[in-house]
Structure formats: structure tokens, C-alpha cells
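**Student:** Let me begin by handing over the structure; questions about it come next.
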Amino acid sequence: MTRPSTVPDTRRGGPATDPPGPGTARRRGARPRPGRRRVLAAFLTPALALFLLLVIAPIVVASYASLYKWNGFGLPENFVGLDNYTRAFGDPTFRGDLWHALVLIVLSLTVQLPAALGLAMLLNQPLRGRSIYRLIFFAPYVLSEVTTAVLFNLVFSPNRGLGDSIARWLGSDAGTIFADPDTVLYAVFMIVSWKYFGLYMMLFLAARQGIPKELNEAATTDGAGPWQAFRHVTLPLLGPTIRISVFLSVIGTIQLFDMVWVLTGGGPIHASETMAVTMFQYGFRRFEVGYASAISIVMFLLSFVFALVYQRVVLRRDTEGAITNQGDNR
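In the working numbering, the protein residues as written are 1338 to 1667.
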């Protein structure tokens, strides 16, 4: 007695494939089951609610208020359209804020990040006590911006600060570094770099330690020197971390407020003022909330446009690689 075959008859044109297994629908991208959708909604709803409340709602309110001449009390009634934006770009103080942001961004990209990269490469070497060095350089990042600003105000306090005393002993006058319009912006950059230098150093160091040693050893075997191995092997592999660091540096500079406000208040004569400081001055000191809202929207648009363009042009290869790797691992 013969047993009937379970293989479909291919002589009639039927497919000769095995019946689909239980995981076939999931592999083909089928929608999650209703129970799973409810679990996803339960986890996503609180985060989505906070995002709408703390991000989207303030943007909408600021966009609405920027179209009015409003002091912040009652409901806005005096509609002025785009006059607040026209006033902002016609204001020499605000144009100066844009220039200050550009200067700080250029200094960050040409001084701060390369110095952090160089120190990360140095601390990756087998040095005695390198863990202590890493701790020392990373420690300022733990301090808040207000604490850092207060600390340096005390250090450079005229006739009382340690930095001013050392400078006078060396024949200099560093105590007036925050009072000179020609030097105050560079002093602010120095302090900002002191605080955030350790963050970028640790990012570069972590990325460097993730590069296999065999790659540099192979480059050395092929006759490459230390500089050639760094330029053609290490630096390209550090590319994603460098690009993310540039993004964080630019966005952080556009939104810089706390440290500048405590250090200088934007002075002297607006020499160190940033867009956020100007927004605070008009919104909470002069009660011109409509104009301050317009400045905040300009800051948002600058950050948003830069983030969008940077992601599409610069980070596109990194994000595509991450998505491809995720798809391969499934």
C-alpha cells in the first residue's frame, strides 16, 4: 500500500514549493497583530504627548505670537504680520548676533574639534596614567553652564581673581578680558571650549578604540607611516563621529545662552550677545514678546534648515548604512 504524496502535482502547473511557515507573513512585512499595536501605542503615547506639549505646541504659539505686537499680557490683538521679522533683520544688534554665531561656529570647527581629535589620538596611546588624563579633560563637561560661567567670573574678577593676579604678575591685563569688545567673544569661546572639549574628546576616543588594530597594522606592513595610516585609514573610519560632532557643535552654538548670559550678559555694547540673549532681553526685560517670538522662530528655522540639509547631504551615507545594516541583521 502506497502513501499519498504531499507534494503538489506540478504537471498541472501548480507550484512545487513548500507550504508557507508561521513566520512567512512576518518576514514579508505583514502588519503587527492588534494586540501588538496596542502595546506599541501604550509605549509611544506618553512620549508623543510630551513631544507635542513641549516641542510642537511652543513652536505653534511662538509662530502665532510673532505676528503680533504683544507685551505678553492678555491676548495678542495688534496684528503686524511679518513686521517683527523685518525689524529683526534690520536691527544691527540682531545682525551682530548672526555674525557672532558664525564666528563661534568657525572657531569651533577649526580649533575646538581638531584639538579634541588630536588629544583623543594622543590618549589612545599606551601612556602612563592616561585614565587620569581622560578624567581630567572630561571633568569640565560634568559642570553645568551656569557653574562654569560663575567659576570663570571669579577667576578673572579684576583685582581679586586668580587669573587676574597671575596675568598682572606676568605683566598682562587679563582681568579686563570680559570688558574689552575686541576680546570678549574670544574669551567666551575659550570658556565654551573648556567645558565641551572633553565631550568631543571622549567621542573621538571611543570611535578610535572601535577601529580594529589589524587595519593600521596592515597599513604599516604596506609601508605607510604614522601620518599616512592616520590620514588614509583612521580618519575615514572616524568620519561618522566627526560629522556628528560638527552637527552638535553648530546646533549648540546657535542656541548658546546660559554661559553668555552669566558671563557677560551679552556685553559690553552687545559684543558677545547671541540670538538667545537678545530674545531673552526683549521677551523678559522689555516685554516685547511678539518681537522675541520672531527671534525664536528665526533661531528654530536656522537650526531646522541646517539639520535638514546636513542630514540629507552630509549624514545621508551614514544613515543609509545604518538602515542597510539593520535590514541585513533581520
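Glycine included, every Cβ here is placed at the ideal spot set by N, Cα and C. Bear in mind the structure is a predicted one, so any value in this text is a computation, not a measurement.
Beta-carbon within less than 6 Å of Val1650's beta-carbon, same chain only, minus the 5 sequence neighbours each way: which residues are those?
**Tutor:** Answer for Val1650: no residue qualifies.
**Student:** For the alpha helix (DSSP H) that Gly1433 lies in, which residues bound it at each end?
**Tutor:** Pro1429 to Leu1444 is the span of the alpha helix (DSSP H), which, as asked, contains Gly1433.
**Student:** What residues in its chain sit with their C-beta under 8 Å from that of Ala1379, if we drop five residues either side in the sequence?
**Tutor:** Contacts found: none.
**Student:** Should Lys1532 go down as buried or exposed, given a rule of 16 or more other Cβ atoms within 10 Å for buried?
**Tutor:** Per the 10 Å Cβ criterion, buried.
**Student:** Does the distance from the CB of Ala1629 to the CB of Tyr1422 come in under 8 Å?
**Tutor:** No. Outside cutoff.
**Student:** Is it buried or exposed, Trp1564, if we count other Cβ atoms within 10 angstroms and call 16 or more buried?
**Tutor:** Trp1564 should be labelled exposed.
**Student:** Below 8 Å CB to CB, which residues in the same chain sit around Val1521 once its five sequence neighbours on both sides are set aside?
**Tutor:** Only Ile1514, Phe1515, Thr1601, Gly1604, Pro1605, Ala1608 and Ser1609 meet the Cβ criterion.
**Student:** From Thr1361 to Leu1377, what distance separates their C-alpha atoms?
**Tutor:** Unreliable positioning characterises Thr1361 in this predicted model, as indicated by a pLDDT of 49, which lies under 50. The coordinate reading is nonetheless provided below. So the alpha carbons of these two residues sit roughly 22 Å apart.
**Student:** Going by alpha carbons, who is nearest to Gln1449 out of Met1538, Gly1418 and Ala1399?
**Tutor:** The shortest C-alpha separation from Gln1449 is found at Met1538.
**Student:** Would you call Val1635 buried or exposed, if buried means 16 or more other Cβ atoms sit within 10 Å of its Cβ?
**Tutor:** That one is buried.
**Student:** Is Leu1441 closer than 8 Å to Thr1615 when the C-beta atoms are compared?
**Tutor:** Going by C-beta atoms, Thr1615 is not nearer than 8 Å to Leu1441.
**Student:** Entirely within the region 1475–1561 and at least 4 residues each: give me those alpha helix (DSSP H) ranges in chain order.
**Tutor:** Segments of the alpha helix (DSSP H) lying fully in the region 1475–1561: 1482–1492, 1499–1506, 1521–1546 and 1550–1558.
**Student:** Using alpha carbons as the reference points, say which of Ala1504, Thr1611, Gly1418 and Ala1394 lies closest to Gln1592.
**Tutor:** The residue with the shortest Cα to Cα distance from Gln1592 is Thr1611.
**Student:** Going straight from the alpha carbon of Ala1331 to that of Asp1519, what length do you get?
**Tutor:** Here the chain comprises residues numbered 1338 to 1667, so residue 1331 is not present and cannot be evaluated.
**Student:** Out of Thr1558, Leu1540 and Ala1566, state which residue places its alpha-carbon closest to the alpha-carbon of Asp1456.
**Tutor:** In the sequence on display, residue 1456 carries Leu and not Asp. It is Leu1540 whose Cα lies nearest to the Cα of Leu1456.
**Student:** By DSSP's criteria, Val1401 is part of a beta bridge. Which residues make up the other side?
**Tutor:** Val is not the amino acid found at residue 1401; the sequence shown has Tyr there. None; Tyr1401 has no bridge partner.
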